[in-house]
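Keeping their order, the protein sequence lines are chains F and Y. Residue numbers 15 to 327, in our numbering, belong to the letters of the first sequence in order. Residue numbers 162 to 438, in our numbering, belong to the letters of the second sequence in order. We put the CB at the ideal spot given by N, CA and C, even for glycine. Since we're looking at a predicted model, the values are computed, not measured.
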Amino acid sequence: MTAQAGAAAGGPGQSSAAAGGPGQFSAAAGGPGQFSAAAGGPGQSSAGARRRIRLDSRLRATARGEWIKFRSVRSGPFALAATALTVVVGAWLLGAANRGSYLAASPAGRAAFDPVFTVLQGIELAQLFVAALGVTTVTGEYTSGLIRGTFMATPQRAQVLAMRALVFAAVVWACCTAMSFAAFFLGQGVLSPARHAGIGDPGVLRAVFGAGLYLTLVGLLAMFTGVLVRRTPAALAAVFGLMAVLPIALILFKGKLASQLGEYLPGNAGEQAFHLLPGGAYTLGPWPGLGVLAAYVAVAAAAAFALILRRDA
Amino acid sequence: MSQTMGAPGTGAAGNAPPAAYRRAGAALATEWIKLRSLRSMLLTPLLGAVAFTVLADGQARNNGANWPHLDAGQKARFDPLVINFNFVIIGILLFGVLGALVATNEYGSGLIRTTLAATPQRGLLLAAKAALAGLVSFALAVVITFTVFLTGQAILSGAHAPHVSLGDHHVLLHLLGNVYYMTAAGLIGLFTGVLVRGAAAAILSMFGLLLVLPLLADKITPDALTRHTVPYLPTNLGDEMLHHHTGLSPGVAVAGLAAWVLVLAAVAAFSLRGRDA
């Protein structure tokens with residue numbers, strides 16, 4: 015009798031799960047529904063089909079939940095607006111300041127002048143906003159205790175983390191790529207009498223897209239660090255230390271070891287992505303540089319996925 | 162009968178507002194308890210101080226080993242005090258972030274509501290917080306500055322590179338200037354924390370203001386605007402304590418740092434008195 019009731023309840027639940035209605039919650043919770051399916055003979059035949067629907071509808075529901083959390087917390091749009099403001103206003107200031115110095119520079123100085131990196135350097139400040147956003151996206155939920163509700167609704171923690179990373183990466187990538195294009199066009203316009211680049215010039219599209227990818231990867235690194243550390247101040251200190259303090263610390267040390275270590279720091283390596291010319295102290299190249307940064311993200315992600323499954327929330 | 166009449170009388174006397182100095186003493190006592198009983202406030206400064214000293218000593222060792230390879234011009238520019246404190250900006254960051262956390266921890270845990278209920282005199286509360294945070298910053302700054310100086314100069318001397326001692330011309334003054342700089346950074350952090358309340362926003366502000374902004378400003382070629390603003394960033398003012406590079410006089414630098422602290426204190430007090438907790 016109980017099994018029949020469970021199967022009967024499972025029927026409508028299934029259809030409403032596909033429609034994305036209230037049934038999603040019970041499908042995601044997976045508790046009583048599963049139990050009755052296992053107990054009842056007739057339930058077993060439809061179990062395979064039901065599980066398949068469950069996975070993709072659960073992922074969709076999780077993604078939607080993560081999106082709601084992302085956009086409804088005030089700090090999300092605020093951090094992205096601050097990033098955009100820093101990058102775009104920075105491009106204007108850096109373009110205006112470097113126009114004069116380019117015209118006054120020696121031929122050697124002019125040859126080494128990188129019109130794209132020069133105007134996109136505001137990213138060095140803006141990456142702190144993206145990193146803070148990445149960290150608080152996770153730690154904010156631990157601080158408020160919402161994480162317990164999240165995991166109760168979706169006990170598949172790896173899927174929660176994957177969807178969160180996906181939503182975060184998609185939003186940050188779209189915003190940061192748009193703002194790096196805006197900064198590029200504004201900066202080149204301001205640089206104008208001095209050497210400037212057109213969007214069709216070799217390597218320019220790669221550099222402008224590279225800036226958006228760089229910020230996205232920095233945000234993801236911060237997000238996974240947030241999963242590992244869970245406390246806002248500690249996670250922020252770790253990420254900012256890695257991105258902003260260590261490069262300075264290494265630059266002050268002389269010798270081969272320091273420069274080789276500096277080459278493989280996430281910020282120094284990843285920054286190559288929006289250099290037009292190979293220049294500065296580090297010369298890994300755009301794609302290998304971005305690859306090094308991506309490797310840091312991959313390691314942090316692997317540790318985050320391993321820990322989020324093991325630890326109590 | 163007279164006793165029952167007397168009881169409300171003493172009660173009324175007990176309810177009279179306490180003398181100002183007693184209230185200030187109580188505010189200081191509670192702030193001290195909050196400051197010392199927070200485990201992270203004990204561990205983080207300690208770890209930070211050790212890390213900073215290790216970095217500075219590594220820097221001294223690195224430069225000492227490099228000394229024989231320098232050319233004459235580089236040897237002439239070799240300043241043992243500046244090399245010793247190459248990492249001062251990282252120490253400054255430590256002070257700024259810790260100062261900010263003193264304030265934001267209380268907002269994060271919600272304790273601030275209890276605190277304000279117990280001491281509704283918000284100006285007095287902020288003054289007590291600032292006094293203690295300033296004192297602790299000062300003590301930590303003295304320990305860090307002199308440890309770094311003594312160990313760093315010993316390392317330089319061991320490497321047969323130029324070094325200075327406490328008795329040398331103006332050395333003590335430079336070191337005291339550095340203590341002042343670090344203390345000011347702690348207070349700047351505290352008042353920023355009171356202003357923005359959130360840990361993430363406060364830490365972000367500290368890294369932005371103390372570390373990244375001056376670095377980016379250095380990349381902009383000086384023009385009329387930057388010449389009159391960039392030297393007045395707190396870290397550029399503070400760098401004057403150890404060496405001259407912006408052309409401001411040390412007196413202006415000391416006054417400028419004090420102005421940062423006082424203006425932020427005024428804004429923080431205004432905000433604390435005017436806003437709901």
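**Study point:** Alpha-carbon to alpha-carbon, Q220 of chain Y and G123 of chain F
**Key:** 30 angstroms
Check your understanding: When the Cα atoms are used, what is the spatial distance from L242 of chain Y to A427 of chain Y?
Key -> 34 angstroms
Review point. Name the chain Y residues whose beta carbon is nearer than 8 angstroms to that of E138 of chain F?
Key: V373, L376 and L377
Exercise for review: Note down, in chain order, each residue of its chain lying with its Cβ closer than 6 angstroms to the Cβ of A98 of chain F, except the 5 sequence neighbours on either side.
Suggested key: M193
**Study point:** chain Y contact for P129 of chain F (CB, 9 angstroms cutoff)
**Key:** no
Check your understanding: In chain order, what residues of the stretch 354 to 371 of chain Y put their CB closer than 7 angstroms to some CB of chain F?
Key -> A360, A361, I364, L365, F368 and G369
Check your understanding: Relative to the C-alpha of L216 of chain Y, which residue among Y:S298, Y:L262, Y:G284 and Y:N245 is closest?
Key -> Y:N245
Exercise for review: Identify, in the order they occur along the chain, each residue of the same chain with its Cβ nearer than 6 angstroms to the Cβ of G209 of chain Y, setting aside the five sequence neighbours on each side.
Suggested key: L255
Review point. Quick one: does the C-beta of A295 of chain F sit closer than 8 angstroms to a heavy atom of the ligand PLP?
Key: The ligand PLP is absent from the structure shown, which contains no ligand whatsoever.
Review point. For L235 of chain F, which of F:G148, F:I161 and F:F319 has the nearest alpha-carbon?
Key: F:G148
**Study point:** Candidates F:K268, F:L250 and F:G276: closest to P261 of chain F by CA position
**Key:** F:G276
Check your understanding: Hey, is D384 of chain Y's beta-carbon within less than 9 angstroms of any beta-carbon in chain F?
Key -> yes
Check your understanding: Under a CB-based cut-off of 9 angstroms, is S201 of chain Y close to chain F?
Key -> yes
**Study point:** Chain-order list of residues whose beta-carbon lies under 7 angstroms from that of V258 of chain Y (same chain, five-residue window excluded)
**Key:** G350, I364 and M367
Review point. In chain Y, which residues lie less than 7 angstroms from T246 of chain F when you measure between Cβ atoms?
Key: A360 and A361
Review point. What is the rounded straight-line gap between the Cα of P129 of chain F and the Cα of T239 of chain F?
Key: 33 angstroms
Check your understanding: Roughly how far, in whole angstroms, is the beta-carbon of L372 of chain Y from the beta-carbon of V249 of chain Y, given that I think they are within contact range, below 8 angstroms?
Key -> Not really, about 12 angstroms apart at Cβ, beyond 8 angstroms.
Practice item. Mark A180 of chain Y as exposed unless 16 or more other C-beta atoms lie within 10 angstroms of its C-beta, in which case mark it buried. Key: exposed
Point to revise | R324 of chain F, DSSP secondary structure in three states | key: helix
Review point. So M166 of chain F is in the alpha helix (DSSP H); what residue range does that whole segment cover?
Key: L160 to A167
Review point. Should K290 of chain Y go down as buried or exposed, given a rule of 16 or more other Cβ atoms within 10 Å for buried?
Key: buried
Review point. Hey, quick one: how far does the alpha helix (DSSP H) through L372 of chain Y stretch, first residue to last?
Key: Taken as a continuous stretch (DSSP letters only), L372 of chain Y belongs to no alpha helix (DSSP H), as it is neither H nor E.
**Study point:** Euclidean distance between Cα positions of H289 of chain F and N247 of chain Y
**Key:** 28 angstroms
Exercise for review: Hey, could you find the ends of the alpha helix (DSSP H) W421 of chain Y is sitting in?
Suggested key: P411 to G435
**Study point:** Within-9 angstroms CB hit, A438 of chain Y to chain F
**Key:** no
Point to revise | Local conformation of Y278 of chain F per DSSP, three classes | key: coil
Check your understanding: Does the stretch 276 to 289 of chain Y come within contact of the stretch 190 to 198 of chain Y, defined as at least 3 CB pairs closer than 8 angstroms?
Key -> yes
Point to revise | Alpha-carbon to alpha-carbon, A110 of chain F and L139 of chain F | key: 18 angstroms
Practice item. Provide the residue span of the alpha helix (DSSP H) that contains H404 of chain Y, from first to last. Key: First-last for H404 of chain Y: undefined, no H or E at that position.
Practice item. Go ahead and pull the three-state DSSP assignment for V325 of chain Y. Key: coil
Check your understanding: Does the beta carbon of I251 of chain Y sit closer than 9 angstroms to a beta carbon anywhere in chain F?
Key -> yes
Practice item. Identify the continuous alpha helix (DSSP H) that holds W193 of chain Y and give its terminal residues. Key: A181 to R197
**Study point:** Nonlocal neighbours in the same chain, by C-beta distance under 7 angstroms from G45 of chain F, ignoring five residues either side
**Key:** Residue placement at G45 of chain F cannot be trusted, given a pLDDT of 40 that sits under 50; what the coordinates show is reported in the next sentence. Result list for G45 of chain F: empty, nothing under 7 angstroms.
Review point. Cβ atoms of L108 of chain F and V133 of chain F: under 9 angstroms apart, would you say?
Key: yes
Practice item. Consult DSSP for T297 of chain F and reduce its assignment to one of helix, strand or coil. Key: coil
Check your understanding: Using a beta-carbon distance below 9 angstroms, is L466 of chain Y in contact with chain F?
Key -> Past the boundaries of the shown model lies residue 466 of chain Y; chain Y is included only from 162 to 438, so the question cannot be answered.
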